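There are 4 protein chains.
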Amino acid sequence: MATSNNSFLERTFSHIRLAWREATDNRATLERLNLSPELSNDDEAILRTWIDHCLADKGGEIASRARAATLGQSYLELDPIGQQRFLSILAMHYDTNRVDVEQYIERWQEASDDSRAEAARQLRNVLEPPRMKLLTLFNELPEGIKFLVDMRAQILSLQKQHPELKPLEADLKRLLISWFDIGLLQLEQINWHSSAELLEKLIAYEAVHAITSWDDLKNRLDSDRRCFAFFHPNMPNEPLIFVEVALVKGLADNVQTLLDESAPVGDIEQADTAIFYSISNAQQGLAGISFGNFLIKRVVKELQHEFPHLKQFSTLSPIPGLTRWIHKQPAEELEQLPGGKALLPHIQDQALTLTTEQLAEPQLKAPLIKLATYYLAKAERVGGTAADSVTHFHLSNGAQIAQLNWMADTSVNGLNQAAGFMVNYLYDLPNIEKRSQAYLSQNKRSLSSSIKSLLSS
Amino acid sequence: MATSNNSFLERTFSHIRLAWREATDNRATLERLNLSPELSNDDEAILRTWIDHCLADKGGEIASRARAATLGQSYLELDPIGQQRFLSILAMHYDTNRVDVEQYIERWQEASDDSRAEAARQLRNVLEPPRMKLLTLFNELPEGIKFLVDMRAQILSLQKQHPELKPLEADLKRLLISWFDIGLLQLEQINWHSSAELLEKLIAYEAVHAITSWDDLKNRLDSDRRCFAFFHPNMPNEPLIFVEVALVKGLADNVQTLLDESAPVGDIEQADTAIFYSISNAQQGLAGISFGNFLIKRVVKELQHEFPHLKQFSTLSPIPGLTRWIHKQPAEELEQLPGGKALLPHIQDQALTLTTEQLAEPQLKAPLIKLATYYLAKAERVGGTAADSVTHFHLSNGAQIAQLNWMADTSVNGLNQAAGFMVNYLYDLPNIEKRSQAYLSQNKRSLSSSIKSLLSS
Amino acid sequence: MATSNNSFLERTFSHIRLAWREATDNRATLERLNLSPELSNDDEAILRTWIDHCLADKGGEIASRARAATLGQSYLELDPIGQQRFLSILAMHYDTNRVDVEQYIERWQEASDDSRAEAARQLRNVLEPPRMKLLTLFNELPEGIKFLVDMRAQILSLQKQHPELKPLEADLKRLLISWFDIGLLQLEQINWHSSAELLEKLIAYEAVHAITSWDDLKNRLDSDRRCFAFFHPNMPNEPLIFVEVALVKGLADNVQTLLDESAPVGDIEQADTAIFYSISNAQQGLAGISFGNFLIKRVVKELQHEFPHLKQFSTLSPIPGLTRWIHKQPAEELEQLPGGKALLPHIQDQALTLTTEQLAEPQLKAPLIKLATYYLAKAERVGGTAADSVTHFHLSNGAQIAQLNWMADTSVNGLNQAAGFMVNYLYDLPNIEKRSQAYLSQNKRSLSSSIKSLLSS
Amino acid sequence: MATSNNSFLERTFSHIRLAWREATDNRATLERLNLSPELSNDDEAILRTWIDHCLADKGGEIASRARAATLGQSYLELDPIGQQRFLSILAMHYDTNRVDVEQYIERWQEASDDSRAEAARQLRNVLEPPRMKLLTLFNELPEGIKFLVDMRAQILSLQKQHPELKPLEADLKRLLISWFDIGLLQLEQINWHSSAELLEKLIAYEAVHAITSWDDLKNRLDSDRRCFAFFHPNMPNEPLIFVEVALVKGLADNVQTLLDESAPVGDIEQADTAIFYSISNAQQGLAGISFGNFLIKRVVKELQHEFPHLKQFSTLSPIPGLTRWIHKQPAEELEQLPGGKALLPHIQDQALTLTTEQLAEPQLKAPLIKLATYYLAKAERVGGTAADSVTHFHLSNGAQIAQLNWMADTSVNGLNQAAGFMVNYLYDLPNIEKRSQAYLSQNKRSLSSSIKSLLSS
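Protein chains in written order, with the UniProt record's numbering: chain A, 1 to 457; chain B, 1 to 457; chain C, 1 to 457; chain D, 1 to 457.
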């Protein structure tokens, strides 16, 4: 995992390196630092002098940007050790200046009513670590935004071993939150007319049901499907998040059926339901910056406009935490849960990875359905939110838990994580905001009548 | 001026109102506040409750955005008095909370080395006025960014009479600086193939040499001209700043010649010089957020790429402060300045608005040239920077004062402001950064040999 | 007219000359003929040798195309006399070879049933004048198609004085009919987002109600208007024909109202009628090649798709032949026509150019309405088709004569041509083909009940 | 082969059927013929009545186009037998009318000098079979041009068994030649940014070196490669012909090296040679309509513009007829040819399909090289043109036979057809036209010094 992540970063960094080299070939004035790949101690001194230079406001913004270009290029030429050392220097030596803060706290405390707003502004400024300015300077470079996104991905993968990087990661996140504000993003449809360059990335980034080939991808972009993504205007070929939708008749209850390339193309005139069957975040460096709720809402609107005869909008979602949760329950507690007693003998001392044959046994089906329903509708984390992260995501967005589907994902992953179960979350536009608030403020989960009757059975 | 500004704002606001109405027709859930146009005291209470609601995080971000849409629409339906009251409410009641700040100052002061970064982050957060969040929420609306830009233009025009709006203006500026960072902008060429909608705006926004007709505009976009502008991806038809360039042989020394529609189109193959003869900021709401230096530098690069045989890049610039400065000099001081003694009789008790006939008199020409040269090369503001704002702008960007041109702009405006003088500032790419630093850090102005010899004569 | 036409041709030819010069700068091998501008007798010999060379198939198609480029460029460098002589040479010396035709007629007559199709093909080939091949060769040049279109415009303006050009004109027309077949054209909407370069051409090409300024044009492209044009893919900035449509409530009966820039923009939600108030052919060189019927039909479909609530599609058309026709009627015949007797005194020995004041007299209105109705509904050319060319055009396309409008065009032109009358032709989609056939095969004109009752009154 | 062709046609026809159904859903007036799939004798009568109706000019062009739409749709709903019968009806019953021709021959013979051109025009018209008009009417339908292209492909595959279709095929070819004239086509670059829909077709249409996967394709579109195609504006996603180019250092002499996906990407800055290593016609229905010569010439110009440092432009071409030709030579004649005697024992009674191991034997290499050189430089068809079709193609275009490459294509196909040989044809721009003429008019082949010395050795 670590390696695959690194090789991924290496690829995009090498792409950016190329773009910068081209761009800077014309900058006759671009100086080079010639650091050693692993950033030796001597180099560290050179580097810090250069950064100080870059942050000093003396030469004006154009000079600062030119120096930042030198710095960015130097960074890309370092090896992984050197890059980590570079980041640690930024994290440790370019933090907020404590003495300044103390001074401006005093000023704020002594400010008159008239000057307090200005004093607050100044205090906020000195609380800003100097490295923030440096990070901002990178954005004018070609692919500069992507560079910062990937730098954050890199820090996230490093910070367990290098906790000193955490404040730097927090700064970068704050910067990216401001630039990736939902109002600055563009929703675009992706289809078979899209460029191969972009489609190739869908294959790479799909995180829920892996795309196994170009034929698989083509099937997901056929005339009875839709795919939408958010883009940032400065990263035109990089989807931030994308969702795959099938237009079908009735609630789809099995994902293998949807993904079957040999199945005939559906008749879009007959479709009354849009099924959101896969939603993937594409940028590791934007982890924790949420677009999913806006994406679903915007796509529902697009689909309503294109297909006025659609009657319901629903997901077909995995339940990634189900079997893990079951195993975590102490035997005595599991016994008390719906279906728990009947299941207990089957899961003693073993992972709940049942084969499709085992699942087909009647004595397992009924208790598993009971327990899964309980998990979705009742199981809680500390604070009262839904135990499953996907459930929590959709309830927060205002969806309803609509239908539990037995044997709906019989892939290895589907059996491992959720004993083959999947669930439909329903997005009912007039009720979305009301349900979202009810869940967020009072932990109330909206349940369909079918789920309610499973619960009470 | 105030009226023209207001009517300008009214036009764009009415355009935005239309865009929002369309967008929100589909939002069945959009509530309406039904405020009175002038925002009565009762309405103020309704408004504040709604804002509080909008800022409370209870319902999640989607609900907040929906409420902000209601708020934005209500704002646009107010009359000018009501809008000013709305803004004043934002400025006065949604400022930083003082008690919170005191509490977090204490936490920061008591923080350990490990937790100080986090404490600084939290202190920065509470220093942020709550209205900032509200402003950000508007950006998802169609034309939302343009709405905020124009709102700042409105505040700028109001804040002399309503100084309580200043902190709100400062917040808005900070927000816009982050979104309009140079790295997020796109440079685009504008020509006769551009849309009429865009070209119409050039006519409206040109601030240096007014565009008098579509024929005048077409002349400025002919095959021996170039025009470039910066755009923000979320304001696609709104130039932020644009520059007009003529490709000529030798340094152009007269702007009427350049603007003469009946003159034959220049032979671009023979051109060795690019003359930047007009640069206009197009958005009043982005006042004080600087793009000009980047625009010139980027355009120089574009031109170098398209026309490798160009040898020099220069402006043909007005000297807007010249006659005003002359008049401000006390007689006894003016007498000491180069050319001052000879001029004194001509400017006693009258504005230095000379007709072209008067300027043609030989006894005026020589002393005026001496004085104008002194003004450009020596006259200072407090702090040692150049007295003229345009001179200061180009020297900051790394240009050289290259050539003073007699009778170069004989329009009424040109005669009034600068006795018909114009000046060429030279952008010599290899020396730009060095010159910019010399000026910014030591107030050193780069002068051509011709200017030097005028000075010493 | 001749001069304006010539100056128009000169402008586009000079544009094409420029495009070719650029394109051929890179063709190191392009030879030049260096003919005298007026094409002397000596030059004629050079020219004919070169054409023979060009038509000889020896060197393959690439060489032929290169020689045609030389020829085209030489043509553009001739003066008007030289160009006419060039065309006359083509017309007279590169016609069908009579001896060949006789030989292949014989072959066809002697052909067996099996070989007759091939013999017909060969006979057709030898009937094709050699100059056709030459004309075709020009199309690969940049703007080559436009060159041929304008060459035909030029021949059309010359052929009265130079009847020897007629067969050449007929060949060119045949070639253009094949390339401008309706299936190869593209319908595009034109609006305020279109390029200034294209919009400028609308102003130049509008033939019915002159566009007087960019403001007038903007009014015609406002949100309650639509404008569509056909384009050929190889002439992307040149509309072939365009139509201007107003979306209004009820049948519009006055064109000055529609063109009034100061009138408020209509509410498109309330509109139930699309009024086609201007349709202009833009290319003189495509005279006699008809697109109008297809344009109207396609635009009706586009509008139905965009505005499903539109209930009727109608023109507001001039009656260009009305007053001319009245004057041509012998007094004794006019007396017999509806309204004729009452009008006779007013039009004796004078043009029927009535002022709006005269038209306002009640004794004129009634008889004029009667006579105009008769003209539209009954007056015939030899063969039984409608007397008015515009009436004939719309009836051929399947329209109905729907409403006669008094004082509907009070411009000088409107009063001169039609005593201020205009007429609405109704396009009722389900009946278009039936009506078109009834008119084309039996001369039956479809009349609305209001026209019928005017007729019978 | 026949089946694959049919399934190919079925696919595109079914695509067109879909497009028409959509388009005609809105045509309330579209009638349906409801023919039986195999077109029974009764249906034939219905069909002929309908066609007569369609060709009769009574109802005007709009009605004719509507009837043609009905006809086209009926055609697509027939089964293969029915379609063939439909085509045969067109071929046999809508041919030139013999009596009309005789009448107009007479008129032409009797025409005066003044009226002869017009009489020729009329005779040409009656020689045109009525079905030509019908074919033309299809072009306004969506995908109408593609429909006609594929209809010709279908006729070409049928006409061996149905020779009565030949005149219809000839008509269709004539129509397509006029619409696909080189001047109406657009050259476009294809790369990894192109749509997947288009790239998928490259994979399907590549005819020289099969594209085995999307990775193979991506390698051929990498930064050291270029791919260009001609398109018709009415068939935007259908390449007509495309060429693949590698930018390398020196003449590439092995195609497997070029196609090796694992080879590193070449350094484009170092490249001095453009190698055209594959050129494929994509539309079977355009067989015999030549674009290849124009494509190469245009691409050479594009490359010269993008990479001014390129020094030579060359193909790396197969020699498809080599082994077949060798086997056709009678033993006594082969013995007289260069290398023939040495080879004779190896090819007695067997195909010359040598394995790479056999080819590696030294006693084979020298005589094979001699014989292959002779084949390229001397072997003739009747009339004196080059024996190999590829050689003939490039010599006609003005290329030089530059270099023979041993073991250059060791794929099964390469060994079968040409014993692994490939050849470079050099395109030297200043000499192209001269060489093309020398070959086309005198059969002179341009040979490089290396080929000459191989010949004389």
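All residues carry an ideal CB built from backbone N, CA and C; glycine is no exception. Just so it is clear, the structure is predicted and the values come from calculations on it, not from any experiment.
Asked, Found
"In whole angstroms, give me the CA-to-CA distance for K173/A and D52/B.", "27 Å"
"Short of 7 Å Cβ to Cβ, which residues in the region 185-216 of chain B face chain C?", "W192, H193, S194, S195, A196, E197, L199 and W214"
"Can you tell me where the beta strand (DSSP E) with R225/A in it begins and where it stops?", "R225 to F231"
"The region 433-445 of chain A: which residues have C-beta closer than 8 Å to a C-beta of chain B, in chain order?", "E433, S436, Q437, L440 and S441"
"Taking just the CA atoms, how far does T391/A sit from L251/A?", "18 Å"
"Determine whether the Cβ of I62/C lies closer than 7 Å to any Cβ atom of chain D.", "yes"
"Taking its Cβ as the centre, do 16 or more other Cβ atoms sit within 10 Å of D150/C, making it buried, or is it exposed?", "buried"
"Could you spell out where the beta strand (DSSP E) holding I241/C opens and where it closes?", "I241 to V248"
"I275/C and A246/C: beta carbons closer than 7 Å?", "yes"
"To the nearest angstrom, how far is the alpha carbon of F147/D from that of E169/A?", "59 Å"
"Taking 7 Å as the limit between beta carbons, can you name the residues of its chain near Q304/A, skipping five residues before and five after?", "L310"
"Strictly by DSSP, which residues pair up with L184/B?", "Answer is none; L184/B lacks a bridge partner."
"Is it buried or exposed, P338/B, if we count other Cβ atoms within 10 angstroms and call 16 or more buried?", "buried"
"Give me the residue from L127/B, P362/B and A229/B with the minimum Cα distance to E302/B.", "A229/B"
"Determine the direct distance from the alpha carbon of W20/B to that of Q73/B, and round the result to whole angstroms.", "7 Å"
"If we call anything under 7 Å between Cβ atoms a contact, is Y425/C one with F313/C?", "no"
"Between which two residues does the alpha helix (DSSP H) containing S88/B stretch?", "P80 to H93"
"Under the three-state reduction of DSSP, which class applies to E38/B: helix, strand or coil?", "coil"
"Over what stretch of residues does the beta strand (DSSP E) that includes residue 482/A continue unbroken?", "It is not possible to answer for residue 482/A, since the shown part of chain A is limited to 1 through 457."
"Could you tell me the boundaries of the beta strand (DSSP E) in which V423/D lies?", "M422 to Y427"
"Using a Cβ-Cβ cut-off of 7 Å (strictly less than) and excluding sequence neighbours within five positions of N26/B, which residues of its own chain qualify?", "Note that N26/B scores 46 on pLDDT, short of 50, meaning its location in the model is unreliable; the coordinates nonetheless yield the value given after this. If we look at N26/B and ignore the five residues flanking it on each side, it has no Cβ neighbours."
"Compare the beta carbon distance of L404/A and A379/A with 7 Å and say whether it is the shorter of the two.", "no"
"Identify, in the order they occur along the chain, each residue of the same chain with its Cβ nearer than 7 Å to the Cβ of A2/D, setting aside the five sequence neighbours on each side.", "Bear in mind that the predicted position of A2/D carries a pLDDT of just 33, short of 50, making it too unreliable to give a figure here."
"From K434/B to G398/B, what distance separates their C-alpha atoms?", "7 Å"
"Roughly how far, in whole angstroms, is the beta-carbon of L376/D from the beta-carbon of V423/D, given that I think they are within contact range, below 8 Å?", "6 Å"
"With 7 Å set as the bound, which would you pick, yes or no: does the beta-carbon of I401/C sit closer than that to a beta-carbon of chain D?", "no"
"Along chain D, which residues have their Cβ under 7 Å away from the Cβ of L127/C?", "A120, L123 and R124"
"When the Cα atoms are used, what is the spatial distance from N191/B to S223/C?", "25 Å"
"N234/A touches chain B at which residues, Cβ-Cβ below 8 Å?", "G183, L184 and P233"
"Residues of the region 138-150 of chain A with a CB closer than 9 Å to any CB of chain B: list them in chain order, please.", "F138, N139, E140, L141, G144 and I145"
"So which of Q154/C, E357/C and R107/C has the shortest CA-CA distance to G285/C?", "Q154/C"
"So N125/B is in the alpha helix (DSSP H); what residue range does that whole segment cover?", "R116 to L127"
"Within 10 Å of its beta-carbon, does E238/C have 16 or more other beta-carbons around it, so buried, or fewer, so exposed?", "buried"
"Would the region 33-40 of chain C and the region 400-420 of chain D be scored as touching if the rule is three or more Cβ pairs under 8 Å?", "no"
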